[in-house]
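Peer 1: Submitted below is the structure of interest, expressed as structure tokens.
Numbering (the working numbering), first residue to last: 15 to 153.
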């Protein structure tokens, strides 16, 4: 097996494991995976417009609109028009949405801690550096 094949195998195993974990967490909540991803972005930004949210999620604004509609129905998010341009909506989390975000975010932090517990501090720093480089150059 070449190094590229081995790396592909390990990346797929990691992705499948992470997806399985995320699906099990989401199944135990009242969120879909796309809603959970949107909550993560909204939780990191006080207010963000639809285009910005779509870009951070890597999806179309149409897909994001549907997700935000569902989050609004669940009272997790709200849209507010800007005073400068009423056509522009800023999306933010409600108090309930903030609580759900914190719970979901804690699951992510715990998983990260669990995954990196087998690594030394130097390995964690190298892993972080490598992920940042890959994300900056690829996504």
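A virtual CB, placed ideally from N, CA and C, is assigned to each residue, including glycine.
Remember, predicted model here, so these are calculated numbers, not experimental data.
Assuming residue 67 and residue 105 are in contact, meaning their beta carbons sit under 8 Å apart, how far apart are those beta carbons, in whole angstroms?
Peer 2: 6 Å
Peer 1: Are the CB atoms of residue 62 and residue 11 within a distance shorter than 8 Å?
Peer 2: The structure shown does not extend to residue 11, since the chain is modelled only from 15 to 153, so the question has no answer here.
Peer 1: I need the DSSP call for residue 103, collapsed to helix, strand or coil.
Peer 2: strand
Peer 1: For residue 153 versus residue 53, is the C-beta distance shorter than 8 Å?
Peer 2: no
Peer 1: List, from N- to C-terminal side, the beta strand (DSSP E) runs of 3 residues or more that fit wholly inside the region 55-107.
Peer 2: 91-95, 103-107
Peer 1: By the three-class DSSP mapping on this structure, what secondary structure does residue 16 have?
Peer 2: coil
Peer 1: What separation, rounded to the nearest whole angstrom, lies between the Cα atoms of residue 89 and residue 107?
Peer 2: 9 Å
Peer 1: If I follow the unbroken alpha helix (DSSP H) through residue 132, where does it start and stop?
Peer 2: No alpha helix (DSSP H) contains residue 132, which DSSP labels as neither H nor E.
Peer 1: Taking the alpha-carbon positions, what's the residue 35 to residue 95 distance?
Peer 2: 36 Å
Peer 1: Helix, strand or coil, according to DSSP, for residue 126 in the structure here?
Peer 2: Helix at residue 126.
Peer 1: Contact defined as beta carbons within less than 8 Å: I believe residue 155 pairs with residue 50. What is the distance between those atoms, to the nearest angstrom?
Peer 2: Not covered by the structure: residue 155. The range shown for the chain is 15 to 153.
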